[in-house]
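The next block holds one structure in the form of structure tokens; read it before the comments.
There are 2 protein chains.
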Amino acid sequence: MYVIVTYDITDDKRLNKVRKVLKKYLYWSQLSTFEGEISKALLAKCMAEVNNIIDLSEDSVYVYEVENPKNIKKKVLGIEKSYMDNFL
Amino acid sequence: MYVIVTYDITDDKRLNKVRKVLKKYLYWSQLSTFEGEISKALLAKCMAEVNNIIDLSEDSVYVYEVENPKNIKKKVLGIEKSYMDNFL
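Residue numbers (my numbering), protein chains in the order written: chain A, 1 to 88; chain B, 1 to 88.
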């Protein structure tokens, strides 16, 4: 399936930890957006890791799942970014 | 169709302008994410307005389009946020 993950993490330490986890499974396409194709099993694993890091009363992680990648189209205005090379 | 819009805008003035435009058409669900159901015509109008504001060499706006809203599922970890009442 194709997933888009967006997040608001209020604490920088947790933010970096969440990014480290997401980076293992998905593509870091914008400052607050990861995306990519992933199996259900790996996504569950990824989200379990994220869930262990975030503060459930303050932070927010959204996971948009599209079963068939053909059903989603991405359009870009401006430049297409990537943060995959960023040091964490 | 259902759309998710994420953005990296490097300048605060442009950022606020972009949010003002997106707010007219979509739901502000996370700091850098708007989403919602919208017609193709309105989306085109919205993106034309955004395009006029952003610096195409620095800023980045991603629009993920899903024709049938049934094909996308949203899952939330932590809290579900909303910025719709924020003053701009």
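Idealized CB from N, CA, C, for every residue including glycine.
### 8 angstroms Cβ cutoff met for serine 39 of chain B and isoleucine 79 of chain A
Counting from 1 along the second sequence, the entry for residue 39 of chain B is found at position 39. Counting from 1 along the first sequence, the entry for residue 79 of chain A is found at position 79. For serine 39 of chain B and isoleucine 79 of chain A, no; Cβs fall outside 8 angstroms.
### Query
Can you name the residues of chain B whose CB is closer than 8 angstroms to the CB of valine 31 of chain A?
Residue mapping note: residue 31 of chain A aligns to position 31 of the first sequence, counting from 1. Looking at the sequence shown, residue 31 of chain A is not valine but leucine. Here the neighbours are Asp8 and Ser32.
### Query
On the premise that phenylalanine 34 of chain A lies in contact with valine 76 of chain A, defined as a C-beta separation below 8 angstroms, what is that separation, rounded to the nearest angstrom?
Mapped onto the first sequence, residue 76 of chain A falls at position 76. Mapped onto the first sequence, residue 34 of chain A falls at position 34. 16 angstroms between Cβ atoms; not a contact.
### Query
Mind checking if serine 57 of chain B is an interface residue toward chain A, Cβ cutoff 8 angstroms exclusive?
Here residue 57 of chain B corresponds to residue number 57 of the second sequence, with the count starting at 1. Answer yes: the Cβ-Cβ gap between serine 57 of chain B and chain A drops below 8 angstroms somewhere.
### Query
Considering only residues of the same chain and omitting the five flanking positions on each side of tyrosine 64 of chain B, which have a CB-CB separation below 6 angstroms?
To locate residue 64 of chain B, count along the second sequence from 1; it is residue 64. Within the same chain, tyrosine 64 of chain B has close Cβ partners Ile4.
### Query
Shorter than 8 angstroms from the beta carbon of tyrosine 25 of chain A to some beta carbon of chain B?
For the purposes of this step, residue 25 of chain A is identified with residue 25 of the first sequence, where counting begins at 1. Answer no: the Cβ-Cβ gap between tyrosine 25 of chain A and chain B never drops below 8 angstroms.
#### Entry: C-beta neighbour in chain A for glutamate 65 of chain B, strict 8 angstroms
Position 65 of the second sequence holds residue 65 of chain B. True, the Cβ-Cβ gap to chain A drops below 8 angstroms.
### Three-way DSSP call (helix, strand, coil) for aspartate 12 of chain B in this model
Translated into positions along the second sequence, residue 12 of chain B becomes position 12. Helix at aspartate 12 of chain B.
### Task
Starting from lysine 40 of chain B, follow the alpha helix (DSSP H) in both directions and report where the run begins and ends.
The residue labelled residue 40 of chain B in the question sits at position 40 within the second sequence. Its alpha helix (DSSP H) spans residues 40-53.
### Query
If you compare alpha carbons, which of B/Lys45, B/Tyr7 and B/Ala48 is closest to glutamine 30 of chain B?
By 1-based counting over the second sequence, the position of residue 30 of chain B is 30. It is B/Tyr7 whose Cα lies nearest to the Cα of glutamine 30 of chain B.
### Message
Does chain A have any CB closer than 8 angstroms to the CB of serine 39 of chain B?
### Response
Counting from one through the second sequence, the residue named residue 39 of chain B turns up at place 39. No, no contact with chain A.
### Message
Is the beta carbon of glutamate 49 of chain B closer than 8 angstroms to that of asparagine 71 of chain A?
### Response
Stepping through the first sequence from its first residue, residue 71 of chain A is reached at position 71. Stepping through the second sequence from its first residue, residue 49 of chain B is reached at position 49. No, they are not a contact pair.
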